[in-house]
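Using numbering that gives the first Met the number 0, the first residue of the sequence shown is number 0, and each one after it goes up by one. In this text, a Cβ means the ideal position worked out from N, Cα and C, and glycines have one as well. Treat the numbers as computed from the prediction; the structure is a model and nothing was measured. First up is the structure itself, then whatever we jot down about it.
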Amino acid sequence: MPDHYGPAHSRGALADLASNLGGGLRALFLLPPPERRWRAFSDQVVLLALLDMALGLAGALWRGGPAGSFVVDALPRVLLPFALALLAGWVVSRVFRRPALALLVAVSCLSVSLWFDLLGEALQMAIDLEWAWVEEREQAAWSVLFGWWAAALGLSATRAVAGRWLRRLAVCGWTVLVAAAPLWWLPYQPLWQADADLPPEDRPDAWAAVREDVLYRQGELIEQAAARLSPQRPGMADVFFVGAAGYAAEDVFLNEASLASQVVEERLDAQGRAVTLANNPRSVHVLPMASVTALARAVRAVAQRMDREEDFLLLFVTSHGSQNHRLSMEFWPLQLQPVSPQALKAMLDEAGVRWRIVVVSACFSGGFVAPLADARTVVITAAAADRQSFGCGNGSDLTWFGRAFFDEALRRTFSLSEAFGQARALIAARERARGYQASDPQMHVGAEIAPRLKALEQRLLRRAIPGTREASCAPGPCAGDGGRAN
Numbered sequence: 000m001p002d003h004y005g006p007a008h009s010r011g012a013l014a015d016l017a018s019n020l021g022g023g024l025r026a027l028f029l030l031p032p033p034e035r036r037w038r039a040f041s042d043q044v045v046l047l048a049l050l051d052m053a054l055g056l057a058g059a060l061w062r063g064g065p066a067g068s069f070v071v072d073a074l075p076r077v078l079l080p081f082a083l084a085l086l087a088g089w090v091v092s093r094v095f096r097r098p099a100l101a102l103l104v105a106v107s108c109l110s111v112s113l114w115f116d117l118l119g120e121a122l123q124m125a126i127d128l129e130w131a132w133v134e135e136r137e138q139a140a141w142s143v144l145f146g147w148w149a150a151a152l153g154l155s156a157t158r159a160v161a162g163r164w165l166r167r168l169a170v171c172g173w174t175v176l177v178a179a180a181p182l183w184w185l186p187y188q189p190l191w192q193a194d195a196d197l198p199p200e201d202r203p204d205a206w207a208a209v210r211e212d213v214l215y216r217q218g219e220l221i222e223q224a225a226a227r228l229s230p231q232r233p234g235m236a237d238v239f240f241v242g243a244a245g246y247a248a249e250d251v252f253l254n255e256a257s258l259a260s261q262v263v264e265e266r267l268d269a270q271g272r273a274v275t276l277a278n279n280p281r282s283v284h285v286l287p288m289a290s291v292t293a294l295a296r297a298v299r300a301v302a303q304r305m306d307r308e309e310d311f312l313l314l315f316v317t318s319h320g321s322q323n324h325r326l327s328m329e330f331w332p333l334q335l336q337p338v339s340p341q342a343l344k345a346m347l348d349e350a351g352v353r354w355r356i357v358v359v360s361a362c363f364s365g366g367f368v369a370p371l372a373d374a375r376t377v378v379i380t381a382a383a384a385d386r387q388s389f390g391c392g393n394g395s396d397l398t399w400f401g402r403a404f405f406d407e408a409l410r411r412t413f414s415l416s417e418a419f420g421q422a423r424a425l426i427a428a429r430e431r432a433r434g435y436q437a438s439d440p441q442m443h444v445g446a447e448i449a450p451r452l453k454a455l456e457q458r459l460l461r462r463a464i465p466g467t468r469e470a471s472c473a474p475g476p477c478a479g480d481g482g483r484a485n
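Printed below as a string of structure tokens:
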């Protein structure tokens, strides 16, 4: 073993660790370490392993949040790279009959790997933050990072051996084959798993939906929500809101239904006229669960508080959608029926709602347009009947449609048509940037409801301008308000 690759005596565990990390950092850039850089001692193997495990645990905690659990079953996979590094050192030392190479190769591999694991955490962070450039090249980025790491491992081991190039090439090959290659086929498992990433049956709140107190309060929660509604204002076309988050396993749908309720109340003068249903363990004690039956009951309860001849009902449903145009109503272990376009139309018809605004945020939601469209209905969907929409999953706060339509466009205009046009452009730009197939959001505006929406838009616009009569009496009613259309 060349003398300059490590002295025989330790300068102390931390000093040796700093020296090895410095050598690993140079190896990251495929540079040889300076003279006497590697400190090949057994305690360094342990320290490098503990430091790398702490890095992985910190990254998993940052991504998943503190609500989770330590995964003991992940330890074998997490420790595997360290075992492989030791095995690679042993193989090289046996092939070349140099026992001193065993620890040297292992320490060099672990020192290099820690820096690449840090790069891997940074890459995963960029993916989680939905950086467009990274998302478009995610698979290629991981492949390049793996190849770069394997090359750095091989070169760092090669430089520990003197001799002809063929001998050094053999060291490189053995190191890459033993220390790196097996990890290409074995997926990494983090030591920390967020509750939100667990299968529904394994979560701490897995049985929230079927606790007795929750089940028996469902009707009461709907009645309480309806009782809290602000009364309809005679002579004014009020907007009432019913929202439903259908899929319990992902918080994005609860977030989106809650945001939609807030924005509609603020922007469409619907303060106190909103009811939200949600399938989510976090909301079972405060919001009714979302099912076909509960949604129909909520629509009826809200309709009873409306003037059905002049008021609008904005019905918003967000969930996963299927190619046969069904919206998931899922809250494990309950067996809930999906929502079909025909079911939505039936519940609106039975409640006697005349002026309808139906917004559906889901894949393939364009299939709801034709069954719901008529002269007194607006239908807005996040995608065409044969297209997917994007942005769901536990890593998202809102879907792309929900963010673009409610959180961005509707905050800038009182016109649903203008908000839809702006949202459609925002979504299309984001899809083009990532190379995704266009979701192609859809909108239908009935001939009879269109002038009523225009009148509502004008009233909201006047209300927003300081000094006007509508602004001075908002949010209460103004006598003789021109909200009713012909």
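Here residue 398 carries a coil assignment [DSSP, helix/strand/coil]. Taking 8 Å as the upper bound for CB-CB distance, residue 22 and residue 107 are in contact here, some 7 Å apart. In summary, residue 464 is exposed, with fewer than 16 beta-carbon neighbours lying within 10 Å of its beta-carbon over all protein chains present. Taking the CA atoms as reference points, residue 395 sits about 28 Å from residue 224. An exposed status is given to residue 215, since fewer than 16 other beta-carbon atoms sit within 10 Å of its beta-carbon. Taking C-beta atoms as the reference points, residue 64 and residue 193 count as a pair closer than 8 Å. Annotation for residue 306: 231 place their beta carbon closer than 6 Å to its own, counting only its chain and skipping 5 residues before and after. The criterion of a C-beta distance shorter than 8 Å is satisfied by residue 297 and residue 276. Listed in chain order, the alpha helix (DSSP H) elements of length 4 or more contained wholly in the stretch 202–241 are 211–215, 217–226.
Contact between the stretch 280–292 and the stretch 335–351 is established, with three or more Cβ pairs separated by less than 8 Å. Around the beta carbon of residue 29, fewer than 16 other beta carbons sit within 10 angstroms, so the residue counts as exposed. Look at residue 331 here: in three-state DSSP terms it is coil, with no helix or strand label. The stretch 449–460 and the stretch 410–422 touch, with no fewer than 3 CB-CB distances between them shorter than 8 Å. Taking 8 Å as the upper bound for CB-CB distance, residue 228 and residue 301 are in contact here, some 7 Å apart. Annotated three-state conformation of residue 342 is helix, per DSSP. When DSSP states are grouped into helix, strand and coil, residue 413 belongs to the coil group. If the five residues before and after residue 359 are omitted, its C-beta is found closer than 6 Å to the C-beta atoms of 316, 367, 380, all from its own chain and listed in chain order. Between residue 336 and residue 287, the CB-CB gap reaches or exceeds 8 Å. Rounded to whole angstroms, the separation of the alpha carbons of residue 11 and residue 40 is 10 Å. According to the DSSP assignment, residue 314 belongs to the beta strand (DSSP E) that extends over 311–317. In the three-state DSSP reduction, residue 464 falls in the coil class, being neither helix nor strand. Residue 247 carries a coil assignment under DSSP once its states are collapsed to helix, strand and coil. Counting only the Cα atoms, residue 130 lies some 33 Å from residue 84. For the set 331, 311, 270, 352, the Cα lying nearest the Cα of residue 295 is the one of 352. Setting aside the 5 residues that flank it on each side, residue 56 is surrounded in the same chain by 190, 191, each with a C-beta closer than 6 Å to its C-beta; the list follows chain order. In the same chain as residue 178, and ignoring 5 residues on each side of it, the C-beta atoms closer than 6 Å to its own belong to 83, 84, 87, 108, 152, in chain order. Assigned with DSSP and collapsed to three states, residue 353 falls in coil, not helix or strand. Residue state for residue 68 is assigned as strand, using DSSP reduced to three classes. By the CB criterion at 8 Å, residue 402 and residue 447 fall outside the cutoff. For residue 388, the three-state secondary structure derived from DSSP is coil.
The shortest C-alpha to C-alpha distance from residue 309 to any of 265, 324, 355 is the one to 355.
A distance of 8 Å or more separates the beta carbons of residue 362 and residue 384. Leaving aside the five residues that flank residue 441 on each side, the residues in its chain whose CB is nearer than 7 Å to its CB run, in chain order, 365, 368, 380, 383. Among the bridge pairs identified by DSSP, residue 379 is matched with 358, 442. Apart from the 5 residues on each side of it in sequence, residue 255 sits with its Cβ closer than 8 Å to the Cβ of 244, 317, 360, 397, 398, 401, 405 in its chain, given in chain order. About 4 Å separates the beta carbon of residue 240 from that of residue 273, a gap short enough to meet the 8 Å contact definition.
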